[in-house]
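K.L.:
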Amino acid sequence: MMGNQEPATCNEQRATRFIIPSGEMIMSSTNETIKEYLIRKEAFSLYNVKRMFSLLGKLSETEQLLFQIVPYLLSLNHPEYPGYVDDSDTPYGIYNFNWLKSINDSFGTLFPKAKSTPKFVLPRVIPIQSLMLMGSTGTIGQTAKSDFDYWLCVSEKDLGYRRLQLFKQKTTSLENWIMKQGVEVHFFLVDVDHIKQNEFGRVDAESVGSALGALLKDGLYQTMILIAGKLPLWWLLPPHLTAAEYTRHVGVIKENSSYELPFDDFIDLGSVSLGEFLQEFFGAALWEIFKGLKYPYKSVIKMALLEMYLNPDQDNELLREKLKKAVFETPEREDLSDPYMQLFRATLEYYNKKKLMAEMSMVKKCILMKVELPPDYLEVPHSLKLNDPKRDLVQFLRRWQWDEEELVSVRLLLARDFSELMKFRKEVRRHFLSGFGRITDMLKQRPEVQSSITPDDLTVLSRKLAVFYGQKKNKIETMTGLYGEGLQEDKITIYFNLEKRFWYLFRGHLTKDDILQGRSQDRLLLKTSCLVKLVTWCHLNKLYRNAGQVTLHSGEANVSLPDIQFFMKHLEKIYQHVDVISMDNEILLSPSYLVKMTCVLNFVSHAGANALDRIDVVSQTSWGEYYCQYESLPDEPGSDHNLDALAGILVDTLHRQHKIYRSNVHIYTPRARLSPTMWKLLSQSLDDCGLALDRDNTIKIVDPGLLRCQAKIPPKIPPKTQLKPQEQKLVEMLSKMKPPRRDKTRLDI
13 MMGNQEPATC
23 NEQRATRFII
33 PSGEMIMSST
43 NETIKEYLIR
53 KEAFSLYNVK
63 RMFSLLGKLS
73 ETEQLLFQIV
83 PYLLSLNHPE
93 YPGYVDDSDT
103 PYGIYNFNWL
113 KSINDSFGTL
123 FPKAKSTPKF
133 VLPRVIPIQS
143 LMLMGSTGTI
153 GQTAKSDFDY
163 WLCVSEKDLG
173 YRRLQLFKQK
183 TTSLENWIMK
193 QGVEVHFFLV
203 DVDHIKQNEF
213 GRVDAESVGS
223 ALGALLKDGL
233 YQTMILIAGK
243 LPLWWLLPPH
253 LTAAEYTRHV
263 GVIKENSSYE
273 LPFDDFIDLG
283 SVSLGEFLQE
293 FFGAALWEIF
303 KGLKYPYKSV
313 IKMALLEMYL
323 NPDQDNELLR
333 EKLKKAVFET
343 PEREDLSDPY
353 MQLFRATLEY
363 YNKKKLMAEM
373 SMVKKCILMK
383 VELPPDYLEV
393 PHSLKLNDPK
403 RDLVQFLRRW
413 QWDEEELVSV
423 RLLLARDFSE
433 LMKFRKEVRR
443 HFLSGFGRIT
453 DMLKQRPEVQ
463 SSITPDDLTV
473 LSRKLAVFYG
483 QKKNKIETMT
493 GLYGEGLQED
503 KITIYFNLEK
513 RFWYLFRGHL
523 TKDDILQGRS
533 QDRLLLKTSC
543 LVKLVTWCHL
553 NKLYRNAGQV
563 TLHSGEANVS
573 LPDIQFFMKH
583 LEKIYQHVDV
593 ISMDNEILLS
603 PSYLVKMTCV
613 LNFVSHAGAN
623 ALDRIDVVSQ
633 TSWGEYYCQY
643 ESLPDEPGSD
653 HNLDALAGIL
663 VDTLHRQHKI
673 YRSNVHIYTP
683 RARLSPTMWK
693 LLSQSLDDCG
703 LALDRDNTIK
713 IVDPGLLRCQ
723 AKIPPKIPPK
733 TQLKPQEQKL
743 VEMLSKMKPP
753 RRDKTRLDI
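Residues in the sequence shown are numbered consecutively from 13, following this note's numbering.
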């Protein structure tokens with residue numbers, strides 16, 4: 013393709029003819045106008061084919077089969093094939109999609125037990141107007157962990173509520189089947205009218221809500237691959253159009269619809285203006301910090317893009333407009349097939365121009381981590397083959413100066429060195445907060461810009477961020493993002509320092525001499541005065557797999573490896589991992605309350621089985637926060653007073669936290685740490701308070717009236733969040749924001 017390029021002068025003439033900075037076209041006649049639309053359509057088709065081939069080249073054989081068969085499975089409803097819904101009203105089909113007989117081989121490979129070959133029957137109601145892929149698929153940013161985000165553009169009003177629910181059932185079933193084949197796929201049903209107005213429901217794990225609707229549509233236009241159905245009208249129009257100019261062009265195509273350019277073959281998803289962008293930047297910055305909890309590398313790059321767009325010193329030309337211009341001018345250019353390379357170039361050039369070297373270094377590192385580049389790629393040029401898909405990226409990155417300290421850090425990061433990851437995690441956090449500060453400072457210079465994020469969405473986002481960033485007393489930190497599905501160490505070592513009275517958690521197997529001689533500092537994971545907190549931290553961060561992987565140096569402490577093993581089983585049974593990112597909004601819009609609690613008795617104790625001298629309390633809130641605290645006891649470990657103190661803790665908790673589930677308050681103690689006599693005395697203390705102990709040591713309320721009478725401790729005021737200065741600045745800015753409420757139609761996306 014590159015060998016047939018036109019001379020530069022021809023390209024310039026084509027650009028002058030079809031691409032005018034103001035967005036206006038030179039139209040000598042209606043026929044000439046239609047011709048220009050057709051030329052753009054042809055240019056997009058060539059570009060889309062290149063994107064498609066680029067994607068196929070990055071897929072495994074199984075992924076290719078699944079990718080090829082997706083539009084066909086969406087175009088049938090048959091009991092022998094995935095996505096079947098047993099209802100004759102179930103919609104299926106894609107506009108203007110033709111069934112190719114060659115696909116039958118793929119069906120035979122994937123469904124060898126099927127008794128019949130699927131037949132293509134045009135349904136009465138075709139739900140999918142356009143089927144598109146968006147995101148990193150088919151780009152340098154695609155990795156083995158990348159998912160496939162399909163947009164299914166539908167008309168909710170044409171389908172009606174019942175058919176829409178049936179269609180959601182079908183796509184969910186198909187999505188689950190594909191995931192069972194080892195490929196992560198998401199089908200987002202987007203209503204054409206809603207997306208035209210940049211409305212995407214309320215904020216949740218996948219939906220941006222009112223935070224960045226226009227920016228999401230911008231991302232669609234920038235990265236989309238059209239799989240089947242209607243082509244977005246945006247790709248037929250010149251770049252740099254105002255909303256009025258966009259509408260006028262759409263009107264011209266509609267009025268001149270013909271066999272050559274049928275209006276029904278296109279879908280109008282609306283335009284995106286810079287003004288709409290600016291209204292979303294506050295919410296968009298919050299959203300990227302939120303998404304950065306799980307996908308930090310991508311979010312750092314997206315935050316840089318927001319900052320670049322907002323900076324008044326930039327030309328503010330949107331990347332999608334640059335892409336469109338390049339596709340129309342030189343559609344045969346091979347380097348146009350990767351929108352992520354365009355994103356990488358733009359953000360690095362911006363930070364370099366602004367002399368923000370620390371920020372530029374952060375983006376470079378995140379690019380390398382996002383594309384999962386092997387550690388030696390930056391050092392050994394000859395290791396890159398001519399057909400290596402990462403070759404262009406490596407050559408591009410070598411243009412930027414890397415000092416020796418950066419290179420050492422990058423090598424360790426790419427090798428997933430834990431110490432470097434911990435350091436990098438803190439750097440990412442600081443980067444998000446400083447970037448958010450720069451964005452809000454620039455927004456203050458534009459008092460005319462009103463944030464479009466709704467109060468509910470603002471509350472949900474800020475509370476999710478507080479769950480992760482807020483540092484409260486006794487709170488257990490949950491590691492996310494950089495560590496994927498948890499820390500997942502093969503071996504860990506637990507060590508007790510008798511002199512300092514601290515417990516230490518290390519990566520790997522270490523002897524006591526290794527620790528005493530200082531050969532363990534780069535392996536330290538956690539330091540705490542509470543062993544119960546240490547074990548709970550291991551559970552929440554998915555570090556613990558089985559007792560065989562643990563080396564224990566408990567010294568004088570009265571605790572054994574089986575004690576840890578059995579307590580971990582209790583935690584696994586009671587405290588399932590809570591995905592705060594996907595948590596239902598209604599929970600976060602309500603005040604936080606206690607949902608689970610375990611009183612751990614004598615976990616590390618020298619008092620003997622006839623005394624209670626230590627109570628550790630593990631708890632979980634409705635927002636997914638976890639706490640572990642030590643309750644002080646009277647100085648009479650052998651007396652009954654400590655049992656009364658334990659009963660008092662339970663009474664106070666159940667009285668104050670009336671929403672806690674009655675089956676979620678537990679008593680736990682290692683085997684034989686309390687004698688039968690002590691258990692009997694404990695039962696009597698609980699009985700005096702209106703409580704009882706079930707066989708599995710679950711606390712239940714027997715007499716609510718007696719419980720209220722025994723409650724002597726007034727409700728405690730939740731501890732204030734202890735934030736660092738930059739984090740406090742974020743909270744203060746959030747509290748002062750009073751954006752206008754806008755009613756939004758909920759859209760599950």
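Backbone N, C-alpha and C fix where the C-beta goes; we use that ideal spot for every residue, glycine too.
Please classify Ser-421 as buried or exposed, where buried requires at least 16 other C-beta atoms within 10 Å of its C-beta.
P.N.:
Per the 10 Å Cβ criterion, buried.
K.L.:
Between Glu-48 and Gln-154, what straight-line distance do the alpha-carbon atoms span, to the nearest angstrom?
P.N.:
The straight-line gap from Cα to Cα measures roughly 34 Å.
K.L.:
For the alpha helix (DSSP H) that contains Lys-195, what are its first and last residues?
P.N.:
First, the amino acid is wrong: residue 195 is Val here, not Lys. Premise fails: Val-195 is in no alpha helix (DSSP H) and is neither H nor E.
K.L.:
Which whole-angstrom value is the C-beta distance of Thr-452 and Phe-294, which I expect to be below 8 Å?
P.N.:
Going by Cβ atoms, the distance from Thr-452 to Phe-294 rounds to 7 Å, so yes, they are a contact pair.
K.L.:
Secondary structure at Ala-55, three-state DSSP: helix, strand or coil?
P.N.:
Looking at Ala-55 - three-state DSSP - the assignment turns out to be helix.
K.L.:
With a threshold of 6 Å on Cβ separation, who are the neighbours of Asp-526 within its own chain once the five nearest residues in sequence on each side are excluded?
P.N.:
If we look at Asp-526 and ignore the five residues flanking it on each side, its Cβ neighbours are Ser-532.
K.L.:
Give the DSSP-derived three-state secondary structure of Phe-436 in the structure shown.
P.N.:
Phe-436: helix per DSSP, three-state reduction.
K.L.:
Just verifying my parser: in three-state terms, what is the DSSP assignment at Val-262?
P.N.:
Val-262: helix per DSSP, three-state reduction.
K.L.:
At the level of alpha carbons, what is the spacing between Ile-190 and Leu-71?
P.N.:
Taking the straight line joining both Cα atoms gives about 15 Å.
K.L.:
Could you work out which residue in Thr-505, Asp-534, Leu-445, Ala-156 is closest to His-521 when comparing CA atoms only?
P.N.:
Minimum Cα distance to His-521 is reached at Thr-505.
K.L.:
Out of Lys-229, Tyr-162, Glu-168, Phe-179, which has the shortest C-alpha to C-alpha gap to His-198?
P.N.:
Nearest option by C-alpha distance: Tyr-162.
K.L.:
Taking the alpha-carbon of Val-440 as reference, which of Met-454, Gln-407, Leu-385, Met-372 has the nearest alpha-carbon?
P.N.:
For the residues Met-454, Gln-407, Leu-385, Met-372, the minimum Cα distance to Val-440 belongs to Met-372.
K.L.:
Quick check on the DSSP output: the beta strand (DSSP E) that includes Arg-519 runs from which residue to which?
P.N.:
Element bounds for Arg-519: 514–519.
K.L.:
Quick check on Thr-121: buried or exposed, where buried means 16 or more other Cβ atoms within 10 Å of its Cβ?
P.N.:
Burial call: exposed.
K.L.:
Exposed or buried, what is Asp-117 when buried is set at 16 or more other beta-carbons lying within 10 Å of its beta-carbon?
P.N.:
Under this definition Asp-117 is an exposed residue.
K.L.:
What distance in whole Å lies between the Cβ atoms of Gly-105 and Leu-134, which are believed to be in contact at a cut-off of 8 Å?
P.N.:
The Cβ separation is near 7 Å, so the contact holds.
K.L.:
With respect to the beta strand (DSSP E) encompassing Gly-241, which residues constitute its N-terminal and C-terminal limits?
P.N.:
Counting along the chain, the beta strand (DSSP E) containing Gly-241 begins and ends at 237–241.
K.L.:
Thinking just about the alpha-carbon of each residue, which of Leu-655, Thr-523, His-565, Lys-485 is nearest to the one in Ser-631?
P.N.:
Closest by alpha carbon: Lys-485.
K.L.:
Taking the DSSP output, what are the residues bridged to Ile-504?
P.N.:
DSSP output for Ile-504 lists Arg-519, Val-562 as bridge partner(s).
K.L.:
Cα-Cα, which of Leu-662, Lys-476, Ser-566 is closest to Ser-604?
P.N.:
Comparing Cα positions, the closest option is Lys-476.
K.L.:
Between the region 135–143 and the region 165–179, do three or more beta carbon pairs fall short of 8 Å?
P.N.:
Touching, yes, given that three or more Cβ pairs across the two stretches are closer than 8 Å.
K.L.:
Taking the continuous beta strand (DSSP E) assigned at Trp-163, which residues delimit it?
P.N.:
160–166 is the extent of the beta strand (DSSP E) around Trp-163.
K.L.:
What is the residue span of the alpha helix (DSSP H) that Ile-527 lies within?
P.N.:
Unbroken alpha helix (DSSP H) run through Ile-527: 524–528.
K.L.:
Less than 8 Å separating the beta-carbons of Trp-111 and Ser-87?
P.N.:
Yes.
K.L.:
Here's the rule I'm using: 16 or more other beta-carbon atoms within 10 Å means buried, otherwise exposed. How should Lys-62 be labelled?
P.N.:
So Lys-62 counts as buried.
K.L.:
Express the C-alpha separation of Lys-182 and Lys-127 in angstroms, rounding to a whole number.
P.N.:
If I take the Cα positions, the gap works out to 21 Å.
K.L.:
Identify which residue in Glu-489, Pro-351, Glu-598 has its Cα closest to the Cα of Thr-151.
P.N.:
For the residues Glu-489, Pro-351, Glu-598, the minimum Cα distance to Thr-151 belongs to Pro-351.
K.L.:
Select from Glu-272, Val-284, Leu-232 the residue whose C-alpha is nearest the C-alpha of Ile-256.
P.N.:
Residue identity differs from the one stated: residue 256 is Ala in this sequence, not Ile. Closest by alpha carbon: Val-284.
K.L.:
Helix, strand or coil, according to DSSP, for Ser-222 in the structure here?
P.N.:
Only weak support exists for where Ser-222 lies, its pLDDT of 46 falling under 50; the value from the coordinates is given anyway. Here Ser-222 sits in coil by DSSP.
K.L.:
Between His-678 and Asp-534, what straight-line distance do the alpha-carbon atoms span, to the nearest angstrom?
P.N.:
For His-678 and Asp-534, the distance between alpha carbons rounds to 37 Å.
K.L.:
Beta-carbon within less than 7 Å of Glu-432's beta-carbon, same chain only, minus the 5 sequence neighbours each way: which residues are those?
P.N.:
Answer for Glu-432: Ser-421, Leu-424, Leu-425, listed in chain order.
K.L.:
What do you get for Lys-692, buried or exposed, if any count of 16 or more other CB atoms within 10 angstroms of its CB means buried?
P.N.:
Result: exposed.
K.L.:
Does the Cβ of Val-590 have 16 or more other Cβ atoms within 10 Å, making it buried, or fewer, making it exposed?
P.N.:
Per the 10 Å Cβ criterion, buried.
K.L.:
Counting Cβ pairs, one atom from each stretch, are 3 or more of them under 8 Å apart for the region 619–628 and the region 688–702?
P.N.:
Output reads yes: the region 688–702 touches the region 619–628.
K.L.:
Roughly how many whole angstroms lie between the Cα atoms of Gln-561 and Lys-585?
P.N.:
Approximately 20 Å, taken between the alpha carbons.
K.L.:
What first and last residue would you give for the alpha helix (DSSP H) that runs through Leu-419?
P.N.:
Its alpha helix (DSSP H) spans residues 416–426.
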